[in-house]
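Scroll down for the structure; my scribbles are underneath it.
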Ligand SMILES: C[S@@+](CC[C@H](N)C(=O)[O-])C[C@H]1O[C@@H](n2cnc3c(N)ncnc32)[C@H](O)[C@@H]1O
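Residue numbers (this note's numbering): 65 to 490.
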């Protein structure tokens, strides 16, 4: 997703059906809140807002992925932006399958099915027989149907080799892929005021009946270890990533032989928990505009948090995997040969070449997806790891040493930290 920040109050109003769906979800969340004694942790709220069957953002009827607000979508992801993303990923996946003597791919959260469709089409063309089975693990039934249609359009011959699962197999040998899946996993929110951490959650505001922020005391012994990385004692709001950590541990445990490649936006811990990033990274996406009010229209907007890649790497290694590499999306795509893939197009065919080159530029540009987005790879049984990381690996940056130097130069091209602001009802 490429952010362009906006105030929630100036966002376009939903149609009456969508507004009614959102209100049903608010009522369900308010009932959960009452059942839980009047307070819900933010990760419970986020899970409900994104994944409540029929009403949650990913489980409901929203268009979600697309290139413009005109198609009713809210954000664009790398596979949606350009088929050259999948074509380049194929240049890493095919050798990884060969090196691990495996022939299966497993993709988490396949969105519209674009990555699966483009990847299967190019693998069947350039490495026939290399992918015998493509498994999608998807939480949303609505998205499964969309994925089936996309794959039928982009790689019709491969459709019979695609299977959908609700739960993970106990063991998987092959290549695991996930694009922007970690950022869609629920996070907990913590606010430090006058040196004391409290957990920020949701309550129902008695006067207005609306969902509102409420902070709650947490015994020091129960605070997540990630918070120990926050420097100083100044006021600070941030997230912790229990769901993403659990997910990565499960994937690393499940992987018998092969590699997992996860693409997402985020930072190493020392940048994530930087002294100046005192407003956290929570962000919402609605009609291609980004804002920082997650209680706005639950179920109709995406809610995300950046990824702490140090935490991801530690979870994978703790579960027995080796870290194969970590770098920016631009470095990964360039080293995997995206420009060679683009060179297959005839530059004199301006009608095809220019839009393709423009989209590739967005994938690589520091100001768009090139630097903020990262790739992390871990796995088992590949003695040489993944050669695509030989030149541009930045795993050394994952060292968790907190960096409280306020003027520390980040090489991530990240805009100034944002602040979700004070507690308020929406
Ligand atoms: C931001 S979308 C990205 C979709 C797609 N990968 C793309 O790049 O366009 C996040 C996706 O992750 C899925 N997701 C979140 N948690 C998941 C989990 N634990 N297992 C499988 N999918 C998950 C969501 O249902 C959704 O399809």
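C-beta: ideal position from N, C-alpha, C; glycine also. Quick caveat: nothing in here was measured; it's all calculated off a predicted structure.
Within 10 angstroms of its Cβ, does residue 422 collect 16 or more other Cβ (buried), or is it exposed? Under this definition residue 422 is an exposed residue.
Runs of alpha helix (DSSP H) wholly within the stretch 366–405 (minimum 4 residues, chain order): Qualifying alpha helix (DSSP H) stretches, in chain order: 373–382 and 393–400.
Cβ atoms of residue 366 and residue 281: under 9 Å apart, would you say? It is not a contact, given that the beta carbons lie outside the stated cut-off.
Decide if the stretch 450–463 is in contact with the stretch 376–394; the criterion is three or more beta carbon pairs, one per stretch, under 8 Å apart. Three or more pairs of CB atoms, one per stretch, sit closer than 8 Å, so the stretch 450–463 contacts the stretch 376–394.
Going by beta carbon distance, what residues of the same chain come within less than 6 Å of residue 437, once the five residues before and after it are set aside? Excluding residues within five positions, the ones whose Cβ falls inside 6 Å are 329 and 393.
Three-pair Cβ contact test at 8 Å for the stretch 119–131 versus the stretch 402–420: In the pairwise beta carbon analysis, the stretch 119–131 is classified as not touching the stretch 402–420: fewer than three pairs are separated by under 8 Å.
Whole angstroms is fine: what's the gap from residue 484's alpha carbon to residue 147's? Note that residue 484 scores a pLDDT of 28, beneath 50, so its modelled location is shaky and nothing firm can be said.
Tell me which residues share the same chain as residue 204 and place their Cβ nearer than 6 Å to its Cβ, disregarding the 5 neighbours each side in the sequence. Closer than 6 Å at Cβ, skipping near neighbours: 122 and 123.
Would you mind reading off the limits of the alpha helix (DSSP H) that contains residue 426? Looking at the DSSP string, the run of the alpha helix (DSSP H) that includes residue 426 is 414–428.
Which residue's Cα is closest to the Cα of residue 153: 397, 425 and 432? For residue 153, the nearest C-alpha among the options comes from 397.
Assign residue 214 to one of three DSSP states: helix, strand, or coil. Residue state, collapsed to three classes: helix.
Pick out whichever of 349, 274, 302 and 265 has its Cα sitting closest to the Cα of residue 103. Among 349, 274, 302 and 265, the Cα nearest to that of residue 103 is on 265.
Roughly how many whole angstroms lie between the Cα atoms of residue 442 and residue 240? Going by the C-alpha atoms only, they are around 10 Å apart.
Return the first residue and the last residue of the beta strand (DSSP E) that residue 303 is part of. Element bounds for residue 303: 300–304.
Could you work out which residue in 404, 454, 360 and 405 is closest to residue 83 when comparing CA atoms only? The shortest Cα separation from residue 83 among 404, 454, 360 and 405 belongs to 360.
Please confirm whether any heavy atom of ligand 1 lies closer than 8 Å to the CB of residue 96. Residue 96 has its CB no nearer than 8 Å to any heavy atom of ligand 1.
Looking at the secondary structure, which residues open and close the alpha helix (DSSP H) in which residue 83 lies? Taken as a continuous stretch (DSSP letters only), the alpha helix (DSSP H) holding residue 83 covers 80–99.
Apart from the five residues on each side of it in sequence, which residues of its chain come closer than 8 Å, Cβ to Cβ, to residue 320? Only 235, 236, 237, 444 and 445 meet the Cβ criterion.
Is the stretch 253–264 touching the stretch 224–232, taking contact as three or more C-beta pairs under 8 Å? Not touching, per the Cβ criterion.
Ligand 1 and residue 141: does any heavy atom of the ligand fall closer than 8 Å to the residue's C-beta? At least one heavy atom of ligand 1 is nearer than 8 Å to the Cβ of residue 141, so yes.
What residue from 315, 149, 352 and 197 has the CA that sits closest to residue 399's CA? Closest option to residue 399, Cα to Cα, is 149.
Residue 371, buried or exposed, once every other Cβ within 10 Å from all chains shown has been counted against 16: Taking a 10 Å sphere around the C-beta of residue 371, we find 16 or more other C-beta atoms and assign the residue as buried.
Would you call the stretch 93–102 and the stretch 259–277 touching, i.e. three or more CB-CB distances under 8 Å? In short, these stretches touch, since the Cβ pair count reaches three.
May I have the straight-line CA-CA distance separating residue 274 from residue 167, to the nearest angstrom? Rounded to the nearest angstrom, the two C-alpha atoms are 51 Å apart.
Cβ shell of residue 78 (< 8 Å), same chain only, five flanking positions each side left out: Excluding residues up to 5 positions away in sequence, 86, 361 and 364 lie with their Cβ nearer than 8 Å to the Cβ of residue 78 in the same chain.
Per DSSP, residue 330 is paired with what? The partner list for residue 330 (beta bridge, DSSP) reads 371.
Taking one C-beta from the stretch 305–323 and one from the stretch 417–433 each time, how about it: are there three or more such pairs within less than 8 Å? Touching, no.
When you compare the CB positions of residue 179 and residue 219, do they come within less than 9 Å of one another, or not? Taking a C-beta distance under 9 Å as the contact criterion, residue 179 and residue 219 do not qualify as a contact pair.
Once the 5 residues before and after residue 190 are set aside, which same chain residues still bring their CB inside 8 Å of it? The residues 154 and 158, in chain order, have a CB closer than 8 Å to that of residue 190 in the same chain once the five nearest residues on each side in sequence are set aside.
Tell me whether residue 81 is buried or exposed, calling it buried when 16 or more other Cβ atoms sit within 10 Å of its Cβ. By the 10 Å Cβ count, residue 81 comes out exposed.
Delimiting residues of the alpha helix (DSSP H) encompassing residue 186: Residue range 178–190 is occupied by the alpha helix (DSSP H) that includes residue 186.
Considering just the uninterrupted stretch of the alpha helix (DSSP H) at residue 152, what are its terminal residues? Residue 152 -> alpha helix (DSSP H) spans 147–163.
Per DSSP, which residues does residue 441 bridge with? Please list them. The partner list for residue 441 (beta bridge, DSSP) reads 325 and 389.
Check the C-beta distance from residue 200 over to residue 211 and give it rounded, since I have them as a contact under 8 Å. That pair is a contact at about 6 Å.
Would you grab the beta carbon distance between residue 171 and residue 242 for me? Rounded to a whole angstrom, and I think it's under 8 Å. Contact annotation, residue 171 with residue 242: C-beta distance approximately 7 Å; criterion of less than 8 Å satisfied.
Compute every distance between the C-beta of residue 203 and the non-hydrogen atoms of ligand 2, then say whether any falls below 8 Å. Absent from the structure shown: ligand 2. Ligands present: ligand 1.
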